[in-house]
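Asker: First residue of the sequence shown: 1, per the working numbering; consecutive thereafter.
Think of the CB as a built atom: it goes at the ideal place given N, C-alpha and C, for glycine as much as any other residue.
Please see the structure below; I have some questions.
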Amino acid sequence: MHDMRSKKYYKLFNQSRTAANNLYSVLDQFVTVIVPLAQNTNYPVERRVKSVKNAADKIAEAAEANAGPLDSGVDEVIRELNDLYEQVTEAEESFEKESKQVLEELSEKITKLAAKIKENGKLSDRLSAGSKEFLSRFKSKGSSFTSSNNEEDTEDEGEDDADKMTLNAAIEKLDSLDKEIKSKLAAIRRTGSDVQVLVEKCRGLVSKLGNFGVIWKKISNDATLLSEYITKNGLNEKTIVSKVVAESEVYEKIKRSLDEYTLRVD
1 MHDMRSKKYY KLFNQSRTAA NNLYSVLDQF VTVIVPLAQN TNYPVERRVK SVKNAADKIA
61 EAAEANAGPL DSGVDEVIRE LNDLYEQVTE AEESFEKESK QVLEELSEKI TKLAAKIKEN
121 GKLSDRLSAG SKEFLSRFKS KGSSFTSSNN EEDTEDEGED DADKMTLNAA IEKLDSLDKE
181 IKSKLAAIRR TGSDVQVLVE KCRGLVSKLG NFGVIWKKIS NDATLLSEYI TKNGLNEKTI
241 VSKVVAESEV YEKIKRSLDE YTLRVD
């Protein structure tokens, strides 16, 4: 489920980058090709005016065609990611609660057995260093597992062996469960962290796309108005060139913003 959301997010992100690149391309052509052409008196004014109008129409079309990533797809991905994050968080809390209860029950048994072992010096001496270290986590306050060669045996060897086997079995069970629980919790937490990162990235994307949404609409409207302006003013070269140059300054700034956006995406 997490992998599916991740792929959906990155697909959306790549679409937004492609849209920015496409829009950058048509604006770049306007700034670097159309504006110099409009100012070049070596070409007939009719050709220059027609080129400007065609370029304006192309920009308007590009702005409309590349507005796709700004639709409900972004909101849908964020909603799904938030739902997934809540599910992972609930699973983590539920599993942690259940595992805590299991570990507490086993810890209680180990603590009782540890106290019994402490009373039996012979059995305590036979425990490995690892077992003593492990038991020390469950011992009563003030107790310790040290060598007790001078202590008298309080139980016969058969009872010692039985207690040791019972204790070792409990230790192994607790150790195994402890590792399993921690491993599962770590996996759940990693998933939660990954989803949270995606949620934050997607929110950041929405913020960026929201800003570009305004830009896209402005470009579309301005380009349409420029085309209409040229149609109305016919071959008034001076007026049209002045208008084109003014638009190019705006497009140059937008072009830089688009370029910065596409370079910063990860």
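For ASP222, which of LYS7, LYS53 and GLN15 has the nearest alpha-carbon?
Answerer: Looking at the Cα atoms, LYS53 is the closest of the given residues.
Asker: According to DSSP, is THR191 helix, strand or coil?
Answerer: In this structure, THR191 counts as helix in the three-state DSSP scheme.
Asker: Can GLU86 and ARG189 be called in contact, C-beta distance under 8 Å?
Answerer: No; because the gap between Cβ atoms is not below 8 Å, this pair is not in contact.
Asker: Using 8 Å for Cβ pairs, my map puts ASN82 next to VAL199. What's the rounded Cβ distance?
Answerer: The pair is a contact, with the Cβ atoms about 6 Å apart (cut-off 8 Å).
Asker: Can you tell which of ALA115, ASP178 and GLU133 has the C-alpha that lies nearest to the C-alpha of LEU103?
Answerer: Closest by alpha carbon: ASP178.
Asker: Quick check on ARG48: buried or exposed, where buried means 16 or more other Cβ atoms within 10 Å of its Cβ?
Answerer: ARG48 is buried by the Cβ-count criterion.
Asker: Within 10 angstroms of the Cβ of ALA169, are there 16 or more other Cβ atoms? Answer buried if so, exposed if not.
Answerer: Result: exposed.
Asker: In whole angstroms, what separates the C-alpha of LYS232 from that of PRO36?
Answerer: Taking the straight line joining both Cα atoms gives about 22 Å.
Asker: In its own chain, which residues sit with a C-beta less than 8 Å from the C-beta of GLU96, not counting the 5 before and 5 after it?
Answerer: Closer than 8 Å at the Cβ level, and outside the excluded window around GLU96, lie LEU185.
Asker: Could you work out which residue in PHE30, LEU113, SER193 and ILE230 is closest to VAL88 when comparing CA atoms only?
Answerer: Nearest option by C-alpha distance: SER193.
Asker: What whole-angstrom Cβ distance do ILE59 and ILE219 have, given they're in contact under 8 Å?
Answerer: Their Cβ separation, rounded to whole angstroms, is 6 Å, which keeps ILE59 and ILE219 in contact under 8 Å.
Asker: To the nearest whole angstrom, what separates the beta carbons of VAL31 and GLU252, a pair I think is in contact under 8 Å?
Answerer: At roughly 5 Å, the Cβ-Cβ gap stays under 8 Å, so VAL31 and GLU252 are in contact.
Asker: DSSP three-state call for PRO44: helix, strand or coil?
Answerer: Correct three-state label for PRO44: coil.
Asker: Tell me which same chain residues have a C-beta within less than 6 Å of the C-beta of ASP57, skipping the five on either side of it?
Answerer: So the list reads SER227, once near-sequence residues are dropped.
Asker: Use the C-beta contact count for GLU80: other C-beta atoms within 10 angstroms, 16 or more gives buried, fewer gives exposed.
Answerer: It counts as buried.
Asker: How would you label GLU247, buried or exposed, when you count the other beta carbons within 10 angstroms and need 16 or more for buried?
Answerer: GLU247 is buried by the Cβ-count criterion.
Asker: Since VAL245 contacts LEU84 with CB under 8 Å, what's their CB separation in whole angstroms?
Answerer: So it is not a contact: roughly 51 Å between Cβ atoms.
Asker: Measuring only the C-alpha atoms, how far is GLU105 from THR191?
Answerer: When rounded, the distance between both Cα atoms is 28 Å.
Asker: Based on Cα-Cα distance, which residue from LEU174, GLU180, ILE78 and GLU172 lies nearest to LYS201?
Answerer: The candidate whose alpha carbon is nearest that of LYS201 is ILE78.
Asker: For the alpha helix (DSSP H) containing VAL35, list its first residue and its last residue.
Answerer: Per DSSP, VAL35 belongs to the alpha helix (DSSP H) from 35-39.
Asker: Could you tell me how far apart the beta carbons of ILE110 and LEU174 are, in whole angstroms, since I believe they sit closer than 8 Å?
Answerer: At roughly 6 Å, the Cβ-Cβ gap stays under 8 Å, so ILE110 and LEU174 are in contact.
Asker: Would you mind working out which of GLU172, ALA65 and ILE181 sits nearest ALA20, comparing C-alpha positions?
Answerer: Of the listed residues, the one whose Cα sits closest to ALA20 is ALA65.
Asker: Anyone know if the C-beta pair for GLN29 and ALA63 falls short of 8 Å?
Answerer: No, they are not a contact pair.
Asker: With 16 other CB atoms within 10 Å as the buried threshold, where does LYS243 fall?
Answerer: Buried, because 16 or more other Cβ atoms sit within 10 Å of the Cβ of LYS243.
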